[in-house]
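If you're matching positions, the sequence shown starts at 130 in the working numbering and goes up one per residue.
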Amino acid sequence: MSVTCVAHNMASSAQMEGVVHVASRVGRRPSTNQDHITDVALELFTTHGFDEVSVDDVAKAAGIARRTLFRYYPSKNAIPWGDFDAYLNHMRQLLDDADPTAGVGEALRTALLAFNEFDDKDRHRRRMRLILKTDALQAHSMTMYAGWRAVVAEYVARRRGEQPDGLVPQTAAWTLLGVALTAYEQWLGDESVSLARLLGDSFDVVGRGLTEL
Numbered sequence: 130m131s132v133t134c135v136a137h138n139m140a141s142s143a144q145m146e147g148v149v150h151v152a153s154r155v156g157r158r159p160s161t162n163q164d165h166i167t168d169v170a171l172e173l174f175t176t177h178g179f180d181e182v183s184v185d186d187v188a189k190a191a192g193i194a195r196r197t198l199f200r201y202y203p204s205k206n207a208i209p210w211g212d213f214d215a216y217l218n219h220m221r222q223l224l225d226d227a228d229p230t231a232g233v234g235e236a237l238r239t240a241l242l243a244f245n246e247f248d249d250k251d252r253h254r255r256r257m258r259l260i261l262k263t264d265a266l267q268a269h270s271m272t273m274y275a276g277w278r279a280v281v282a283e284y285v286a287r288r289r290g291e292q293p294d295g296l297v298p299q300t301a302a303w304t305l306l307g308v309a310l311t312a313y314e315q316w317l318g319d320e321s322v323s324l325a326r327l328l329g330d331s332f333d334v335v336g337r338g339l340t341e342l
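Put into structure tokens, the structure is as follows:
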């Protein structure tokens, strides 16, 4: 290995150590939770790239042991998603609270927009850019999308008196996922347009079929 390569590797390691040290010192909270771990990890992933950051790097920056991190997340790939079970429960609650006199399509549109409201839009943009643009996360993302689609399919099936694995509930779930992903792709590429507008416009492209459910 050349002297130049050694120097480059040492510089890269020093840079990582610096980020980890600052994150653990400045960003540390009195108690560990999933949001804290995700915030620290997003900073590292954004700065260095997802593939270049290890679980040990995240744990050190969060000020926790590796085994503690794994109590919150089963893998590095799960970290960018945060507390996804809580997100699924939120989507389920939004649909459960939907006006029973409203059409299925209207309820889905309203829930989709409400589900994607976030106070810290910059943080959410960083998270979604990482999830949607990182090749190493795509396989894991399909698993997470499946959980979200299941919530939608269950709601559509209940409203129609059908089984969640039926053609119509599954088609509606896949369609709503496509609506959301399309809106997010546009949002990541154009910061001047609001996510809510893109979600609404994307839904309306296919809305006629969904509103007739």
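Just so it is clear, CB atoms sit at the ideal spot from N, CA and C, and this is done for glycine as well. If you're wondering where the values come from, they're calculated on a predicted model, not measured in any experiment.
*In three-state terms, what does DSSP make of Ser270?*
The answer is helix: DSSP assigns Ser270 an H, G or I state.
*How many Å lie between Arg254 and Gly276 at the Cα?*
Rounded to whole angstroms, Arg254 and Gly276 show a C-alpha spacing of 21 Å.
_Would Leu346 and Ala240 be called neighbours here (beta carbons separated by less than 7 Å)?_
Here the chain has residues from 130 to 342 only, and residue 346 is not among them.
_Is it the case that the stretch 298–317 contacts the stretch 234–250, given that we only count it when at least three CB pairs across the two stretches are under 8 Å?_
With the cut-off at 8 Å, the stretch 234–250 and the stretch 298–317 touch.
*beta-carbon Arg255 near the ligand NAD non-hydrogen atom, thresh 6 Å*: As presented, the structure is devoid of all ligands, the ligand NAD included, so that no description of it is given.
_Member of Arg288, Phe199, Pro209, Phe174 whose CA lies at the smallest distance from the CA of Asp226_ = With distances taken between Cα atoms, Asp226 lies closest to Arg288.
*Counting Cβ pairs, one atom from each stretch, are 3 or more of them under 8 Å apart for the stretch 331–338 and the stretch 295–311?*
Verdict: yes, contact present.
*Integer Cβ distance of Ala282 from Ala301, believed to fall under 8 Å*: Ala282 to Ala301, Cβ: 7 Å. Contact.
_Just verifying my parser: in three-state terms, what is the DSSP assignment at Phe119?_
Residue numbering for the chain in the displayed model covers 130 to 342; residue 119 lies beyond these limits and cannot be assessed.
*Considering only residues of the stretch 165–236, which uninterrupted alpha helix (DSSP H) runs meet the minimum length of 4 residues and lie entirely inside it, listed in chain order?*
Counting whole runs of 4 or more residues, the stretch 165–236 contains the alpha helix (DSSP H) stretches 184–191, 195–201, 213–225.
_Given this structure, state the Cα-to-Cα distance separating Ile208 from Gly290, to the nearest angstrom._
If I take the Cα positions, the gap works out to 36 Å.
*asked:* Taking 8 Å as the limit between beta carbons, can you name the residues of its chain near Met273, skipping five residues before and five after?
replied: Cβ neighbours of Met273 beyond the five flanking positions: Trp210, Phe213.
_Which listed residue (Ile260, Glu341, Lys250) has its alpha carbon closest to that of Leu324_ = When only C-alpha atoms are compared, the closest one is Lys250.
*Where does Leu342 fall in DSSP's three states?*
When secondary structure is reduced to three states using DSSP, Leu342 falls in the coil class, being assigned neither helix nor strand.
*Have a look at Val169, Asp330, Glu235, Phe174 and flag the residue whose alpha-carbon is nearest the alpha-carbon of Leu342.*
Of all alpha-carbon atoms in Val169, Asp330, Glu235, Phe174, the one lying nearest the alpha-carbon of Leu342 is that of Glu235.
*Do Val169 and Val233 have their C-beta atoms within less than 7 Å of each other?*
Annotated as distal: Val169 and Val233, with beta-carbon spacing of 7 Å or more.
_Helix, strand or coil at Thr263 according to DSSP, with G and I counted as helix_ = Coil, per DSSP.
_As assigned by DSSP and simplified to three states, the class of His295_ = Per the sequence presented here, residue 295 reads as Gly, with His not at that position. In the structure shown, Gly295 adopts coil according to DSSP, grouped into three states.
*Write down the C-beta distance between Ala265 and Asp180 rounded to the nearest angstrom, noting that I regard them as a contact closer than 8 Å.*
Indeed, because the Cβ distance is near 6 Å, the residues count as touching under 8 Å.
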